[in-house]
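This report refers to the structure that appears directly beneath it.
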Amino acid sequence: MTTIPLQTSIHGAGPGILLAHGGGGSIESNFGTVIPALAAGHTVVAPDYPGDDTALTLDDLADALVAAATDAGVPTFTIVGFSLGTAVAVRAAARHPDRVTGLLLTAGLAAPDNRARLAVQAWRDLLDRGAHESFARLVLLTGFSTDFVNSLPAPTVDEMVRQTAGSIPGGTRQQAALIETVDTTADLATVSVPTLVVATTADLLVDPENSRALAAGIPGAEYAEIEAGHVVMVERPDEWQKLLTDFLDRHGL
Numbered sequence: 226m227t228t229i230p231l232q233t234s235i236h237g238a239g240p241g242i243l244l245a246h247g248g249g250g251s252i253e254s255n256f257g258t259v260i261p262a263l264a265a266g267h268t269v270v271a272p273d274y275p276g277d278d279t280a281l282t283l284d285d286l287a288d289a290l291v292a293a294a295t296d297a298g299v300p301t302f303t304i305v306g307f308s309l310g311t312a313v314a315v316r317a318a319a320r321h322p323d324r325v326t327g328l329l330l331t332a333g334l335a336a337p338d339n340r341a342r343l344a345v346q347a348w349r350d351l352l353d354r355g356a357h358e359s360f361a362r363l364v365l366l367t368g369f370s371t372d373f374v375n376s377l378p379a380p381t382v383d384e385m386v387r388q389t390a391g392s393i394p395g396g397t398r399q400q401a402a403l404i405e406t407v408d409t410t411a412d413l414a415t416v417s418v419p420t421l422v423v424a425t426t427a428d429l430l431v432d433p434e435n436s437r438a439l440a441a442g443i444p445g446a447e448y449a450e451i452e453a454g455h456v457v458m459v460e461r462p463d464e465w466q467k468l469l470t471d472f473l474d475r476h477g478l
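First residue of the sequence shown: 226, per our numbering; consecutive thereafter.
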């Protein structure tokens, strides 16, 4: 029985979709741009990870998300995972193969490479120090592509730093600690459902080679690329939405 509390919202009606958001993110920030399109033909189960210091393990978080869907009356579902959520999605598919009907994995990883590990270690260090503006600057430096950040007026960047520093989700430190330890490498070969892996090719936080490794490790996985930084839902929301909905349509999910 999982002890991880989730705040879950439900949208739409139809075949099930379960959302798994990224570390330091939320359902609204990661999926707010695509939920209306997904919910047009699906029941979308949207759980937010704990906003406190609840300790997280990958198994417990995967089980908690699956329980959120079944508790909502959605017994089977495709999981749409972003960043850390891709590892949650893969582990959920490995632990609950009778529940998971498909996987859509964006800007993800099976295990953190050195750059991702260093980034989340810096997250934790800055949050421990209460250095929220420095944390926000690091998030903007790594979360968005070089071209996107440099295309913005300087006052806009400064305002984004202020807004990010003032709205760091609770639980970010625990989620960063989880990112540092996840490893779904051994799970990949067990995935037997239709899978789409989307790489963000200008990603400075989770290198796109991690997505390519996911696609190579999951039997029959489809692979697509978007020229964007990690926060693809801000840089290329329409392109991302189309990849997701087209895949769902083609596979009848």
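Cβ atoms here follow ideal geometry from the backbone N, Cα and C, with glycine treated the same way.
Drop a sphere of 10 angstroms on the beta-carbon of Thr331, count the other beta-carbons inside from all chains shown, and report buried for 16 or more, exposed for fewer.
-> Buried: at least 16 other Cβ atoms inside 10 Å.
Can you give the Cα-Cα distance for Thr311 and Asp463, rounded to whole angstroms?
-> If you take the alpha carbons of Thr311 and Asp463, they lie about 20 Å apart.
Inter-residue spacing [alpha-carbon to alpha-carbon] between Ser359 and Leu366 = The alpha-carbon atoms of Ser359 and Leu366 are separated by roughly 10 Å.
Extent of the continuous beta strand (DSSP E) to which Ala294 belongs | Annotation: Ala294 is outside any beta strand (DSSP E); the continuous alpha helix (DSSP H) that includes it extends over 283-296.
Whole-Å CB distance - Leu473 paired with Thr303, under 8 Å assumed | Taking 8 Å as the upper bound for CB-CB distance, Leu473 and Thr303 are in contact here, some 7 Å apart.
What is the residue span of the beta strand (DSSP E) that Pro221 lies within?
-> The structure shown does not extend to residue 221, since the chain spans only 226 to 478, so no value can be given for it.
CB Arg320 to CB Asp288, shorter than 8 Å?
-> Yes, these two residues count as a Cβ contact at 8 Å.
With distances taken Cα to Cα, identify the nearest neighbour of Ile404 among Asp284, Ala265, Asp383, Arg354.
-> Selected option, being the one with the closest Cα: Asp284.
Given Thr326 as reference, the closest of Pro419, Thr409, Val457, Leu468 once Cα atoms are compared = Among Pro419, Thr409, Val457, Leu468, the Cα nearest to that of Thr326 belongs to Pro419.
Expected contact under 8 Å - CB spacing of Val416 and Pro444 to nearest Å = About 7 Å; that satisfies the 8 Å criterion.
For Ala424: DSSP bridge partner residues = In the DSSP assignment, Ala424 forms a beta bridge with Glu450.
Cutoff 7 Å; reference Arg316; Cβ partners in own chain excluding five residues on either side | For Arg316, where only same-chain residues beyond five positions count, the Cβ hits under 7 Å are Leu283, Asp284, Ala287, Thr409, Asp412.
Euclidean distance between Cα positions of Gly276 and Ala347 = Whole-angstrom Cα-Cα distance: 20 Å.
Looking only at DSSP bridge pairs, what is Ala234 linked to?
-> According to the sequence provided, residue 234 is Ser. The question's Ala does not apply to it. BP columns for Ser234 point to Ala271.
Count the other CB atoms within 10 Å of the CB of Ser370; is the residue buried (16 or more) or exposed (fewer)?
-> Burial call: buried.
Which of the three DSSP states, helix, strand or coil, is assigned to Leu377?
-> It is coil, neither helix nor strand.
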